Amino acid sequence: AQSVTQPDIHITVSEGASLELRCNYSYGATPYLFWYVQSPGQGLQLLLKYFSGDTLVQGIKGFEAEFKRSQSSFNLRKPSVHWSDAAEYFCAVSGFQKLVFGTGTRLLVSP
Amino acid sequence: GAGVSQSPRYKVAKRGQDVALRCDPISGHVSLFWYQQALGQGPEFLTYFQNEAQLDKSGLPSDRFFAERPEGSVSTLKIQRTQQEDSAVYLCASSLEVGPGTHTQYFGPGTRLTVL
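Which chain is which? The protein sequence lines are F and U, in order.
Oh and the first sequence: position 94 is 95 in the working numbering, straight run, nothing missing.
Oh and the second sequence: position 48 is 55 in the working numbering, straight run, nothing missing.
Printed below as a string of structure tokens:
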């Protein structure tokens, strides 16, 4: 069965500092991987996705993620965090159709 | 163009009441999904439609939950005899493509259901 683990429930980063959010997945075949962001009271917005090819994928708002098959990981990174990045971040894996989400990481940005 | 819309945005129900949640997908999107997001959790899959056909309802937690998409566009998620454990945000998503895992799902803002 597919599963996603996001080991960090909360992360606090200073504005302007770099960010890395961890995601580990379990899936028997080639996974399709996604990162979504959710602001309070909002739906989920897609940041980036990995289907195949280059293992480093670029997304919106300056985010990137790297797929590492050997580590079953798909960590999200950003070189310089802005206060507006404070939100909940979800990693997800897809097999055929449905998405399986992790429990999320709440990002807090300190001034 | 317009994104996925859901109504109502907030719903308060007394235990035992029936509720109906509506989802308007992006026009032309073939696939439609419902997810349930409990407080502090990630979304969990409920059911999936391809056009009007409900192809996967494995995530529906009980037979009190029922979803339909009769004309292949708007979908309604109905919960009968609501219980407190049904309190959650219900998210709808749609995608244009049909295929194994390569589609991108676009989410609506969700309906927050509170059962008293």
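Built from N, CA and C at the ideal position, the CB exists for glycine as well.
Values in this document were obtained by computation on a predicted structure and should not be read as measured data.
Closest to residue i by C-alpha separation, out of the options, would be which residue?
i	options	result
LEU53 of chain U	F:PHE68, F:SER40, F:LYS99	F:LYS99
ALA1 of chain F	F:ARG70, F:LEU108, F:GLU16, F:PRO41	Because chain F is modelled from 2 through 112, residue 1 of chain F falls outside the range shown and cannot be assessed.
GLN91 of chain U	U:PHE114, U:GLY35, U:VAL37, U:ALA45	U:ALA45
ASP93 of chain U	U:PRO68, U:GLY49, U:LEU39	U:PRO68
TYR28 of chain F	F:VAL110, F:THR104, F:ALA93, F:SER81	F:ALA93
Please tell me whether residue i has its Cβ less than 8 Å away from any Cβ of chain U.
i	result
GLY54 of chain F	no
THR104 of chain F	yes
LYS99 of chain F	yes
PHE75 of chain F	no
GLY44 of chain F	yes
Closer than 8 Å, CB to CB, is residue i near chain F or not?
i	result
ASP63 of chain U	yes
GLN112 of chain U	yes
LEU67 of chain U	no
GLY1 of chain U	This structure does not reach residue 1 of chain U, given that chain U is present from 8 up to 123, and the question cannot be answered.
Checking 8 Å against the spacing of the C-beta atoms, do residue i and residue j come in under that value?
i	j	result
VAL5 of chain F	TYR26 of chain F	yes
PHE56 of chain U	SER80 of chain U	no
ARG16 of chain U	LEU123 of chain U	no
LEU47 of chain F	PHE64 of chain F	no
PHE102 of chain F	GLY35 of chain U	no
ALA18 of chain F	VAL58 of chain F	no
GLU59 of chain U	GLU78 of chain U	yes
Using a Cβ-Cβ cutoff of less than 7 Å, which residues in the same chain neighbour residue i once the five nearest sequence positions on both sides are dropped?
i	result
TYR97 of chain U	LEU28, TRP41, GLN43, LEU84, GLY117, THR118, LEU120
Which residues in the same chain have their Cβ closer than 8 Å to the Cβ of residue i, if we skip the five residues on either side of it in sequence?
i	result
VAL26 of chain U	LYS18, ALA20, LYS85, ILE86, THR89, LEU120
LEU45 of chain F	TYR37, VAL38, GLN39, PHE91
PRO112 of chain F	SER15, GLU16, TRP84
Taking 6 Å as the limit between beta carbons, can you name the residues of its chain near residue i, skipping five residues before and five after?
i	result
PHE68 of chain F	TYR51, THR56, PHE75
HIS11 of chain F	ARG107
SER95 of chain F	TYR33
GLY60 of chain F	LEU48, LEU49
Check: Below 8 Å, can you find three or more Cβ-Cβ pairs linking the region 28 to 48 of chain U to the region 11 to 18 of chain U?
Finding: yes
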